[in-house]
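Student: Take a look at the following structure, please.
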Amino acid sequence: MQSKYNPKEFEDRIYEKWLSEKRFSAHVNPNKKPYTIVLPPPNITGQLHMGHALDQTLQDVLIRWKRMQGFEALWLPGTDHASIATEVRVLKTIEEAEGITKDQLGREEFLKRAWAWRDEYGRIIVNQMQKLGSSCDWDKERFTMDEGCNHAVTEVFVRLYEKGLIYRGNRLINWCPDCKTTLSDAEVEHEEKPGAFWHVKYPIVDGEGYLEIATTRPETMVADTAVAVNPNDERYKHLIGKFCKLPLFDRELPIIGDDYVEMDFGTGALKVTPAHDPNDFEIGLRHNLEQINGMNDDATMNEVAGKYEGMDRFACRKAIVKDLEAEGYLVMTKEHPHNVGTCYRCSTVIEPRVSDQWFVKMAPLAGPAIDVVNNGEMRIIPDRFTKVYMNWLENIRDWCISRQLWWGHRIPAYYCQTCPEIVVAKEMPDVCPSCGSSHFKQDDDVLDTWFSSALWPFSTLGWPEKTPELNYFYPTNVLVTGYDIIFFWVIRMVFSGLDAMGEKPFDDVFIHGLVRDAHGKKMSKSLGNGVDPLDIIDQYGADALRFMLATGNSPGNDLKFQIERVESSRNFANKLWNASRFVIMGLEEGQYELDGSERLTLADEWILSRLDTMITEITQALDKYELGIAANKIYEFTWNEYCDWYIELAKKRLYGEDAVAKQTVQKVLVKVLRDILKLLHPFMPFITEEIWGFIPHAEDALVTSKWPEADEKYQNPTAERQMNSIMEAIRNLRNVRAEMDVVPSRKAKCMILASDASVGELLINQGEYLMTLASCSEVVLVTNNKEVPEDAVSAVIQGAELYLPLDDLIDFEKEMDRLQKEKAKLEKEVERVVSKLNNQGFVAKAPAHLLDEEREKEAKYRELLGTVDARIQVISLKLK
RNA sequence: GCGAGAUUAACUCAGAGGUAGAGUACUUCCUUGACGUGGAAGGAGUCGCGGGUUCGAAUCCCCCAUCUCGCACCA
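Residue 2 is where the first sequence starts when you use the working numbering, and the numbers rise one by one after that.
Okay, here's the thing in structure tokens:
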């Protein structure tokens, strides 16, 4: 074992070993219970970022833990084609490098390039995950556009179509003029932007005056087909049925009455543009209004716009406002910031547009997805996200799934070239069922990228085939993902799983937050505040990064990335490394198993008892998905109990002459270290496996070793109580010495005056602990304080006073100050306890054990106070 | 507008109906044979404000404030 902790030296080597020994492989195994996680497939758009590192660390902790608990643990990895994101990315790269546009490239060539891209980034991503230590079953790696997934996508599409849950409709959809595709509602982000209300006169035809209309988007006037007022509006109701004139255009618009119009908003009169606004679209349907499309697919104005044709929509807005003003139609302009929808991929303002698209009918699918959570079959952790989940499902609208893109699953709909028939089928039909023609053309569009990810938990296990894997591993146990894709992905997996499999896709959904930079800003390329996980691994090791991510926060909350915390995790790894080196140092060939024949010391019993408690608590925390708590417990136990106390106390026997005692302490050292390595392994897999290779063990590799189980025989409350007394004594002695500025190298005799004989006996029996850890030269019992020299400093614990005669070193004034301080502290404690015990309510209603505890405390503090007081008397005489 | 989260030590965050915790930073001391990426001792917080429930609230409930973040949006 190398003397320096150097993760670079072993992390890759260890991972290679795991791979070559097939440690992550999972198979259908009737003798074991399965535990399954499917990896949220990272997009192949680029490299993994810190958010992926967090997501994967959490999953790896769970899967490694379950693997050690004896489950057939499958973590199924893969990547997502990420239709729109990848297409945008690939096209941009090609355009920047070669100056070739999408149209110039052509569909076939583009797909060739995109596949090459996928191969490259797929490899990079796998490499990154392996660097992080992710224990996926790589033989089962999948891609959302591989053959099996394609098969599943087509199957689901056809089935849903046949059930009437997929339909083609001419509806108002979200259109991104830059990506030139539709977007689902979930893919539209709302952003508040400055805007204005323009109040415009629409003159009444065959009558006096005009209707004043307020609009935020004057350019859509070109496509107005009506003006609506509330039928109960006294100001306008007489106008219903009449017409008004569309300013700047020689068109007449019917004035209609519709409840949708709110009388007290704006002017109470609404221009209706069915082809460019969702609400107007609905009004249009109710009143049979014509839908006029005023824009091209790039959001420039089309021929409908007359003289504005060819202008960009925002340029057109300005031009129309200018013309309205010039011709006297503009009443006023009012500032009005409002939310506009933008594309989640390119941030372009989306344009609502009427178009023929494919939709999934959501209502019938949403119901079961709601039920499965309501009836407790599926849990969302933390629970608060259940509300988010429900809220979305209860207000769900139909899902627009067709995209005008090339990278993705082409829609399995075939259009007869001689009649209007559309055939939806797994393969291109031979003959048209309506006209007998054999000429078909497949739909040009591809599916929303989330359509295929929705099938991930079962498409990856072989569905629609009834494979043994599907039968064994589905439903999966837990889905681990960020709250940002609950709508996009989690919900869609749930209803897809319920529909296709008839069973939920996972038992638990474990939601985590996002990784932010040190200032709480979202990490992003454009801000340049991203931190590359590989850089951190290179500098500090994967274990340090993982530990930091796992302990950084509580479930569901965002995590700020702080390099100090990575450093502190690395320091912990270093600590473990060195402690292990210490344990290994004196070991010789042979067995170091505890067999019950050993004569254990107090410290042995204490650490074994504490370890036992830790095993229970850590396992319980993991069971509750409290990964951070579990990791903290291991950290504290390892550092503050095992290293700071047990190892220090072990040294005497280790370096001593007694071979049997030495072997006993080595056995305990090894036993505890072994379990520490196991408990820590899910969090820090590399260092623990590396150390495992150096310590005696009967099992195989740590990665597949057995998770520790608590064993009641190690529980030892007496040993814990006694050790606490000793540790308190040592701490107090150290404290006194530090306050009196006594250097550690100056040893001192320790005289014990016990008010409780058993405490005195304990301290004498374990006198060597005081000698080792509190710089005592010897520890002796005295029966009367007359035996104690006056010029001694004192430390007190319950049941005993400890005196250090330090003659020449003692400064009585200083000692007086110290004693006064201590007295004040104790008086406060007594006061607190007394007031509590004087409280009749407390005495009457508090649980008995608390009452007892408080009474014990009172006795203890009074005793300590008495001792301190006595010392003050003695010292004050000295000062005179 | 509806909903959620946050508000705890200088900083970043855990925790939790029964005397406030960690990491970092800070002060003092320590070349003790695993480790200075270390050891020891210490200072530091009326747990956002105001009410309520309770013997007891930082913890549960209500109100308010500030900051995030979702969702829905009135043209």
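Yeah, the Cβ is synthetic: ideal placement off N, Cα and C, and Gly gets one too.
Given that a residue counts as buried once 16 or more other Cβ atoms are within 10 Å of its Cβ, and exposed if not, what is residue 825?
Tutor: Flag for residue 825 reads exposed.
Student: Of the choices 844, 787, 147, whose alpha-carbon is the least far from that of residue 408?
Tutor: Out of 844, 787, 147, 147 has the C-alpha closest to the C-alpha of residue 408.
Student: For the segment 329-345 against the segment 163-174, do three or more pairs of beta-carbon atoms, one drawn from each stretch, fall closer than 8 angstroms, so that the two count as touching?
Tutor: The segment 329-345 is not in contact with the segment 163-174.
Student: Helix, strand or coil for residue 941, going by three-state DSSP, please let me know.
Tutor: Only positions 2 to 881 of the chain appear in this structure, which leaves residue 941 out of reach.
Student: Take residue 711 as the anchor and find which of 744, 687, 619, 725 has the nearest alpha-carbon.
Tutor: It is 619.
Student: Tell me which same chain residues have a C-beta within less than 6 angstroms of the C-beta of residue 306, skipping the five on either side of it?
Tutor: Once the five neighbours on either side are set aside, the close Cβ partners of residue 306 are 223, 295.
Student: By the three-class DSSP mapping on this structure, what secondary structure does residue 127 have?
Tutor: Reduced to three states, the DSSP call for residue 127 is helix.
Student: Ignoring anything shorter than 4 residues, give me the alpha helix (DSSP H) runs that lie fully in the segment 128-185, in order along the chain.
Tutor: Correct list: 148-163.
Student: Grab me the residues of residue 221's own chain with a C-beta within less than 6 angstroms of its C-beta, minus the 5 sequence neighbours each way, in chain order.
Tutor: So the list reads 274, 277, once near-sequence residues are dropped.
Student: Would a C-beta distance cut-off of 9 angstroms place residue 756 and residue 864 closer than the cut-off?
Tutor: Yes; because the gap between Cβ atoms is below 9 angstroms, this pair is in contact.
Student: Identify whether residue 396 lies in helix, strand or coil by the three-state DSSP scheme.
Tutor: Coil, per DSSP.
Student: If you drop the 5 nearest sequence neighbours on each side, which residues of the same chain put their C-beta closer than 8 angstroms to that of residue 279?
Tutor: Correct list, in chain order: 173, 353.
Student: Which residues mark the beginning and the end of the alpha helix (DSSP H) in which residue 1 is found?
Tutor: Residue 1 lies beyond the residue range present for the chain, which begins at 2 and ends at 881; the question has no answer from this structure.
Student: Does the Cβ of residue 210 have 16 or more other Cβ atoms within 10 Å, making it buried, or fewer, making it exposed?
Tutor: Residue 210 is exposed by the Cβ-count criterion.
Student: Exposed or buried, what is residue 717 when buried is set at 16 or more other beta-carbons lying within 10 Å of its beta-carbon?
Tutor: Buried: at least 16 other Cβ atoms inside 10 Å.
Student: Quick one: using the 10 Å Cβ neighbour count with 16 as the cut-off for buried, is residue 914 buried or exposed?
Tutor: Absent from the structure is residue 914, since the part of the chain shown begins at 2 and ends at 881.
Student: Would you list, in sequence order, the uninterrupted alpha helix (DSSP H) runs of no fewer than 4 residues that lie entirely inside the segment 414-458?
Tutor: Segments of the alpha helix (DSSP H) lying fully in the segment 414-458: 450-454.
Student: Do the segment 444-461 and the segment 324-331 touch if we need at least three Cβ pairs shorter than 8 angstroms?
Tutor: Counting Cβ pairs under 8 angstroms, fewer than three are found: no touch.
Student: Assuming residue 752 is part of the beta strand (DSSP E), what are its boundary residues?
Tutor: Taken as a continuous stretch (DSSP letters only), the beta strand (DSSP E) holding residue 752 covers 749-755.
Student: Check residue 806 in the structure and name its three-state DSSP category.
Tutor: Residue 806 falls in the strand class under three-state DSSP.
Student: Is the separation between the beta-carbon of residue 601 and that of residue 551 shorter than 9 angstroms?
Tutor: Cβ distance not < 9 angstroms, so residue 601 and residue 551 don't count as in contact.
Student: What would DSSP say about residue 639, mapped onto helix, strand or coil?
Tutor: If DSSP states are grouped into helix, strand and coil, residue 639 belongs with the helices.
Student: How about the segment 607-627 and the segment 641-650: do they share at least three Cβ pairs that are nearer than 8 angstroms?
Tutor: Yes, the segment 607-627 is in contact with the segment 641-650.
Student: Whose C-beta lies closer than 6 angstroms to the C-beta of residue 7 among residues of the same chain, with five residues either side of it excluded?
Tutor: Here the set comprises nothing.
Student: For the putative contact between residue 593 and residue 568, defined by C-beta atoms under 8 angstroms, what is the C-beta separation to the nearest angstrom?
Tutor: Contact flag wrong, Cβ pair sits at about 33 angstroms.
Student: Going by beta carbon distance, what residues of the same chain come within less than 8 angstroms of residue 232, once the five residues before and after it are set aside?
Tutor: If we look at residue 232 and ignore the five residues flanking it on each side, its Cβ neighbours are 238, 241, 258, 259, 260.
Student: CA-CA distance, residue 349 and residue 27?
Tutor: Going from the Cα of residue 349 to the Cα of residue 27 covers about 45 angstroms.
Student: Return the residue from the list 156, 402, 743 that minimises the CA-CA distance to residue 186.
Tutor: Looking at the Cα atoms, 402 is the closest of the given residues.
Student: Rounded to whole angstroms, how far is the Cβ of residue 803 from the Cβ of residue 796, which I believe are closer than 8 angstroms?
Tutor: Yes, residue 803 and residue 796 are in contact; Cβ-Cβ is about 5 angstroms, under 8 angstroms.
Student: Within a Cβ cutoff of 6 angstroms, which residues of the same chain sit near residue 480, ignoring the five residues on either side of it in sequence?
Tutor: So the qualifying residues of the chain are 507, 510.
Student: Look up residue 819 in the DSSP assignment and say whether it is helix, strand or coil.
Tutor: Three-state DSSP puts residue 819 in a helix.
Student: Check for me: the beta strand (DSSP E) holding residue 221 runs from which residue to which?
Tutor: Unbroken run through residue 221: none, as it is neither H nor E.
Student: Taking 6 angstroms as the limit between beta carbons, can you name the residues of its chain near residue 837, skipping five residues before and five after?
Tutor: 843, 855.
Student: Based on the DSSP secondary-structure assignment, which residues constitute the bridge partners of residue 403?
Tutor: BP columns for residue 403 point to 448.
Student: Is it right to say residue 470 is buried, meaning 16 or more other beta carbons lie within 10 angstroms of its own, or is it exposed?
Tutor: Looking at its Cβ environment, which holds 16 or more other Cβ atoms inside 10 Å, residue 470 is buried.
Student: With a CB to CB cut of under 6 angstroms and the five nearest residues on each side skipped, what residues in its chain are close to residue 36?
Tutor: Cβ within range, chain order: 67, 72, 74, 478.
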